[in-house]
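Residue numbers (my numbering), protein chains in the order written: chain A, 63 to 584; chain B, 63 to 584.
Number of protein chains: 2
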Amino acid sequence: MLFRSDKHTANVVLVTAQGILFTDHYQLTMIQLYHRFGIHDRTSQFDYFFRSYPDYGEHQAGYCIVAGLGPLVEWMTEAEVTDADIAALTDLRGRTGANTFSDVFLDWLRSNGGFTDVNLRAIPEGRVVHPNVPLAIIEAPLAAAQLLETSLLNHLNFPTLIATKASRVAEATGGGTVLEFGMRRAPGWAANAATRASLIGGAQFSSNMGMSAQLGVPSKGTHAHSMVQAFIAIAGGELEAFRAYAEVYPDDCLLLVDTIDTLESGIPNAIKVFEELKSKGHRPVGIRLDSGDLAHLAIRSAQMLEEAGFEEAAIALSSQLDELTIFQIRTQIIDEAPNWGVDPGALLSRLIYGVGSRMVTSDGDPSLDGVYKTVSVHDADGLGQPAIKISDTPAKVVNPGPKGVWRIYSSRGTATADLIGLADEAPTVGPLSLVHPSHPSVGRQLEATEVSEVEPLLVDFVRKGSVIADLGNVEEARARRKADLARLDAGVRRLVNPHTYHVSLTPRLSELKWRLVSDLAN
Amino acid sequence: MLFRSDKHTANVVLVTAQGILFTDHYQLTMIQLYHRFGIHDRTSQFDYFFRSYPDYGEHQAGYCIVAGLGPLVEWMTEAEVTDADIAALTDLRGRTGANTFSDVFLDWLRSNGGFTDVNLRAIPEGRVVHPNVPLAIIEAPLAAAQLLETSLLNHLNFPTLIATKASRVAEATGGGTVLEFGMRRAPGWAANAATRASLIGGAQFSSNMGMSAQLGVPSKGTHAHSMVQAFIAIAGGELEAFRAYAEVYPDDCLLLVDTIDTLESGIPNAIKVFEELKSKGHRPVGIRLDSGDLAHLAIRSAQMLEEAGFEEAAIALSSQLDELTIFQIRTQIIDEAPNWGVDPGALLSRLIYGVGSRMVTSDGDPSLDGVYKTVSVHDADGLGQPAIKISDTPAKVVNPGPKGVWRIYSSRGTATADLIGLADEAPTVGPLSLVHPSHPSVGRQLEATEVSEVEPLLVDFVRKGSVIADLGNVEEARARRKADLARLDAGVRRLVNPHTYHVSLTPRLSELKWRLVSDLAN
Numbered sequence: 063m064l065f066r067s068d069k070h071t072a073n074v075v076l077v078t079a080q081g082i083l084f085t086d087h088y089q090l091t092m093i094q095l096y097h098r099f100g101i102h103d104r105t106s107q108f109d110y111f112f113r114s115y116p117d118y119g120e121h122q123a124g125y126c127i128v129a130g131l132g133p134l135v136e137w138m139t140e141a142e143v144t145d146a147d148i149a150a151l152t153d154l155r156g157r158t159g160a161n162t163f164s165d166v167f168l169d170w171l172r173s174n175g176g177f178t179d180v181n182l183r184a185i186p187e188g189r190v191v192h193p194n195v196p197l198a199i200i201e202a203p204l205a206a207a208q209l210l211e212t213s214l215l216n217h218l219n220f221p222t223l224i225a226t227k228a229s230r231v232a233e234a235t236g237g238g239t240v241l242e243f244g245m246r247r248a249p250g251w252a253a254n255a256a257t258r259a260s261l262i263g264g265a266q267f268s269s270n271m272g273m274s275a276q277l278g279v280p281s282k283g284t285h286a287h288s289m290v291q292a293f294i295a296i297a298g299g300e301l302e303a304f305r306a307y308a309e310v311y312p313d314d315c316l317l318l319v320d321t322i323d324t325l326e327s328g329i330p331n332a333i334k335v336f337e338e339l340k341s342k343g344h345r346p347v348g349i350r351l352d353s354g355d356l357a358h359l360a361i362r363s364a365q366m367l368e369e370a371g372f373e374e375a376a377i378a379l380s381s382q383l384d385e386l387t388i389f390q391i392r393t394q395i396i397d398e399a400p401n402w403g404v405d406p407g408a409l410l411s412r413l414i415y416g417v418g419s420r421m422v423t424s425d426g427d428p429s430l431d432g433v434y435k436t437v438s439v440h441d442a443d444g445l446g447q448p449a450i451k452i453s454d455t456p457a458k459v460v461n462p463g464p465k466g467v468w469r470i471y472s473s474r475g476t477a478t479a480d481l482i483g484l485a486d487e488a489p490t491v492g493p494l495s496l497v498h499p500s501h502p503s504v505g506r507q508l509e510a511t512e513v514s515e516v517e518p519l520l521v522d523f524v525r526k527g528s529v530i531a532d533l534g535n536v537e538e539a540r541a542r543r544k545a546d547l548a549r550l551d552a553g554v555r556r557l558v559n560p561h562t563y564h565v566s567l568t569p570r571l572s573e574l575k576w577r578l579v580s581d582l583a584n
Numbered sequence: 063m064l065f066r067s068d069k070h071t072a073n074v075v076l077v078t079a080q081g082i083l084f085t086d087h088y089q090l091t092m093i094q095l096y097h098r099f100g101i102h103d104r105t106s107q108f109d110y111f112f113r114s115y116p117d118y119g120e121h122q123a124g125y126c127i128v129a130g131l132g133p134l135v136e137w138m139t140e141a142e143v144t145d146a147d148i149a150a151l152t153d154l155r156g157r158t159g160a161n162t163f164s165d166v167f168l169d170w171l172r173s174n175g176g177f178t179d180v181n182l183r184a185i186p187e188g189r190v191v192h193p194n195v196p197l198a199i200i201e202a203p204l205a206a207a208q209l210l211e212t213s214l215l216n217h218l219n220f221p222t223l224i225a226t227k228a229s230r231v232a233e234a235t236g237g238g239t240v241l242e243f244g245m246r247r248a249p250g251w252a253a254n255a256a257t258r259a260s261l262i263g264g265a266q267f268s269s270n271m272g273m274s275a276q277l278g279v280p281s282k283g284t285h286a287h288s289m290v291q292a293f294i295a296i297a298g299g300e301l302e303a304f305r306a307y308a309e310v311y312p313d314d315c316l317l318l319v320d321t322i323d324t325l326e327s328g329i330p331n332a333i334k335v336f337e338e339l340k341s342k343g344h345r346p347v348g349i350r351l352d353s354g355d356l357a358h359l360a361i362r363s364a365q366m367l368e369e370a371g372f373e374e375a376a377i378a379l380s381s382q383l384d385e386l387t388i389f390q391i392r393t394q395i396i397d398e399a400p401n402w403g404v405d406p407g408a409l410l411s412r413l414i415y416g417v418g419s420r421m422v423t424s425d426g427d428p429s430l431d432g433v434y435k436t437v438s439v440h441d442a443d444g445l446g447q448p449a450i451k452i453s454d455t456p457a458k459v460v461n462p463g464p465k466g467v468w469r470i471y472s473s474r475g476t477a478t479a480d481l482i483g484l485a486d487e488a489p490t491v492g493p494l495s496l497v498h499p500s501h502p503s504v505g506r507q508l509e510a511t512e513v514s515e516v517e518p519l520l521v522d523f524v525r526k527g528s529v530i531a532d533l534g535n536v537e538e539a540r541a542r543r544k545a546d547l548a549r550l551d552a553g554v555r556r557l558v559n560p561h562t563y564h565v566s567l568t569p570r571l572s573e574l575k576w577r578l579v580s581d582l583a584n
């Protein structure tokens, strides 16, 4: 509805950009080919997985938080081929001017272009996930599986990237409150997906009003520099601006103190207004710092607020925060606060972190290398034939065939490895063989005493295009994240140079994989 | 329509996330305050500008290409306050459980919450732009100007960032064809904004079917590895896959040759199929390389294709391309091609560049630091009072008051400086005084003989909420980009360490600015 300005055809506005044509051109050229050769309805399986953790320059993540499944399933179950889509496809011409898509194909597509034959198994949103593990498995006629590819990748890659970054930011705060403030510099409409992913990944609240309302999470915010500037321009000042704010929001009074000068003007004015509020029986909330040396200013502000009797006032920090900056700010406060007579622990417990651009763009690594690979296609007799794609890089050879994924918990109850096997396997808490995914001769054996639980990770969510299991809301996804992080070793959760989590294959899958590679090479 | 899964209220689905509540919470808390104090309808002016060029790690841009205005204006003119929006606002509670927004305010907002009183002047899409220059100026009642802030920033920051990256990618190709392939790893729905911005900034075509259709630019694409894998899995092979493609698309046959082994399998099979096509009177298009050493493989592929008589075959390159990688590939081809008996110039002219993730995420710097600052608010007598925001960093002090922007062209016809002045100034090709924006004592004087043209850059696009001038489509924006780049010095266009373009103030604006700073400090 929002990108329709450029092309109007015979008074019909084409609105195709968020529907089924939210895809790459080559999906349609391939589907037409499959249709021409009569293989469009061969059952096939595609796996969605990412190959490596996001790497933000000097520091790479040790785990990801999967997100985006809910909106993907909603898109899939709503998408259908419209007249506008067919009109757009009819318009396309090849080099010689002939139609790219034949009428026969478009007639077929008009009636068969949806996702009503698609099955989807996936790992629920909010869970901790690792490279090369199938996070979503699509089983569908070849045409539908191919048509879904681009949108599936788009719907899962970005939210997983942002939920991962948000989880790191939340970890860096040591249990503090994170507010997502990123809409203004977020990538276009993906601001909404970023809000949702941030809330799943670690932010408690967001400033994004519309998306917060839709998700049932109250939005948060107070005021900007512009409010103080407006009062200054029309013959008032910072104090008048703060008083106005306190008058309208006496029980939610959090003041931005750096429009003029934080320590010389903002904090003294805030204290004046807080005293006025207190005398009227209200408890002020606190202040926000948005520029300068945030750690130092937080200490100095805390000192002044404490001296004035506002030792409970929250101190919100914002301005280009990310996980390492937050970590450094907390470290600096621990070092420097005692010099100013401020108790660092008490101050840290009152900090609130407003995190924007760097979280919602995953600054340092703004895309996840998620891929969607053919792993099986049925032959003419309806028998599934495992598909392989080889590569000069062993780590990039795809794991073939229909698969299951299990998480292995150690005797201490922490996750020790994810195990990828064939769908008909059922590993149990017995002796388990784990094989290295790209070095088949390397492996390890876990005895029954070393394993406390073997948990299947994939859930059947969509069967024949219909949702058959509850995808859950943001709250449930958050609960899954928290439970998973509690069972993840601290070394894997570390912000910098984390310990590598193991993803292994079952012996049967490993054998199939290297047999297919050997067949293709010969 | 697409994010509605999480909250259903009394059978009414809230769909607020792309409407007027696509904004930050604090805009509404400030607007309620302005309304309470009766200053919500004071005419005010806000400027949108960015502070610094994107900096992609080692290499910073020397100019930007502005984009996003068309979709912004469309959103503004369509956005209105709905019952769902009011319901969402009514739901919000403060710390004590009281409603954040009063009924009086919400009643007012319901009838007055749109942008029907907004005026917008802006620099048209596709133009070359520089830091601190107002790219969009909003003149509106304080409430409307504030309500618009977040969405305006979101609508302009990301497209300008991506159009800038795309322009650099296009420059790096030396006039080659760039295809935008980024949807799968683009940030969610911003894939569509990225496609539009890429097409304005430098991509000739995109793989994004829906958005391309809406923009009236044909989408492009051929096939993926999955097609070859599917033929292998169901008892065919790469050759059968290529033959199938050639049969369906005999005049548009471009084959992806790296599924198995580019030089051992892909190119020999492609040549076989090209010969079959040729014998039937068709001209094959070429091949695509998607892995390995793209420069080396392009040379070796060209050699094999030329030996087989296909010296016109295009060679499309893809896989993690960005401007520096493209520059390096071209350099390597110039160095290495003669060793293989391949003419580098002829090969370079046949290259096509498929660019994805790194362009559509602006890899290296994934957000533009665009801001929206109060520069004037009318007082109770209706007189515009210039507003200022000071900072410890002189470069961050806002330029106050209503403004105009002019581009100064040298006697050679190239752009030599952008000049920011007060709206009632009218600089001409006479002697011109240019003052440094943060060092008022530094400036330069241009004599009439040194100036060939003084071009006003801002256009009145929206008056009282209605569009009064044609915003233009993607083709027109592209034409503006090309014209502007042709008049930009090569040193400023350079990919690495570009020459700094001058942005200056008129003496009158500079005097106003530093007088306000001095008043505020005293």
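From the three backbone atoms N, C-alpha and C, an ideal C-beta is built for every residue, glycine too.
* Should Ser114(A) be flagged as near chain B, meaning a C-beta pair shorter than 7 Å? -> no
* Is the stretch 377-393 of chain B touching the stretch 336-343 of chain B, taking contact as three or more C-beta pairs under 8 Å? -> no
* To do: Measure the alpha-carbon distance for Asp480(B) versus His287(B) and round it to whole angstroms.
  => 49 Å
* **Test item: CB-CB of Ile262(A) and Val536(A) under 7 Å** => yes
* Contacts that Leu204(B) makes with chain A (C-beta to C-beta distance below 8 Å) -> Ala292
* Could you check the C-alpha separation between Pro196(B) and Lys435(B) for me, to the nearest Å? => 10 Å
* To do: Kindly indicate which three-state DSSP category Leu316(A) falls into: helix, strand or coil?
  => strand
* When DSSP labels each residue in this structure, what does Phe304(A) get in the three-state scheme? -> helix
* Would you decide whether Leu445(A) is buried or exposed? Buried here means 16 or more other CB atoms lie within 10 Å of its CB. => exposed
* Asked: Any beta-carbon of chain B closer than 7 Å to the one on Met421(A)?
  -> no
* Is the Cβ of Gly534(B) closer than 7 Å to any Cβ of chain A? -> no
* Asked: If we ignore side chains and look at the alpha-carbon of each, how far apart do Glu211(B) and Glu326(B) end up?
  -> 57 Å
* For Leu533(B), does the three-state DSSP call read helix, strand or coil? -> coil
* To do: Give the DSSP-derived three-state secondary structure of Glu613(A) in the structure shown.
  => With chain A covering 63 to 584 only, the question about residue 613(A) has no answer from this structure.
* Asked: Listed in chain order, which residues of the stretch 317-335 of chain B have Cβ atoms closer than 8 Å to some Cβ of chain A?
  -> Thr321, Ile322
* Closest Cβ-Cβ distance between Leu210(A) and chain B: below 7 Å? -> no
* **Per-residue DSSP class, three states only, for Asn461(B)** => coil
* Given Ser500(B) as reference, the closest of Ser472(B), Ala583(B), Thr455(B) once Cα atoms are compared -> Thr455(B)
* **His181(B) (DSSP reduced to helix, strand or coil)** => Inspection of the sequence shows that residue 181(B) is occupied by Asn rather than by His. Asn181(B): strand per DSSP, three-state reduction.
* What whole-angstrom Cβ distance do Leu520(A) and Ile199(A) have, given they're in contact under 8 Å? -> 7 Å
* To do: Give the straight-line distance between the Cα atoms of Ser419(A) and Thr85(B), rounded to the nearest whole angstrom.
  => 15 Å
* Could you pull the start and end residues of the beta strand (DSSP E) that Leu168(B) belongs to? => Per DSSP, Leu168(B) belongs to no beta strand (DSSP E); it is in the alpha helix (DSSP H), 165-174.
* Asked: Can you name, in chain order, every residue of its own chain whose Cβ lies under 8 Å from the Cβ of Arg556(B), other than the five neighbours on each side?
  -> Gly124
* To do: Residues of the stretch 218-240 of chain B with a CB closer than 9 Å to any CB of chain A: list them in chain order, please.
  => Asn219, Phe220, Pro221, Leu223, Ile224
* Please decide whether Arg247(B) counts as near chain A, where near means a Cβ-Cβ distance under 7 Å. => yes
* Would you list, in chain order, the members of the stretch 74-93 of chain B that have their beta-carbon closer than 9 Å to a beta-carbon of chain A? => Val75, Leu76, Val77, Thr78, Ala79, Gln80, Gly81, Ile82, Leu83, Phe84, Thr85, Asp86, His87, Tyr88, Gln89, Leu90, Thr91, Met92
* Asked: Should Glu385(B) be listed as close to the ligand PLP, given that the test is whether its C-beta is under 6 Å from any heavy atom?
  -> No copy of the ligand PLP appears in this structure; indeed no ligand is present at all.
* Is the stretch 501-510 of chain A touching the stretch 144-159 of chain A in the sense that three or more CB pairs, one from each, lie closer than 8 Å? -> no
* Taking the beta strand (DSSP E) that Phe112(B) falls in, what are its first and last residues? -> 105-112
* Alpha carbon to alpha carbon, how far is Leu356(A) from Ile391(A)? -> 7 Å
* Within chain A, the residues that Gly156(B) reaches when beta carbons sit closer than 8 Å -> Tyr311, Asp313, Asp314
* Straight-line gap, Phe304(B) to Asn331(B) (C-alpha atoms, nearest Å) -> 8 Å
* Asked: Which same chain residues, not among the five before or five after Asp68(B), have their C-beta less than 6 Å away from its C-beta?
  -> Since pLDDT at Asp68(B) reaches only 46, below the 50 mark, its modelled position is unreliable, and no value is offered.
* Residue span of the alpha helix (DSSP H) that contains Ala552(B), given as start and end -> 552-555
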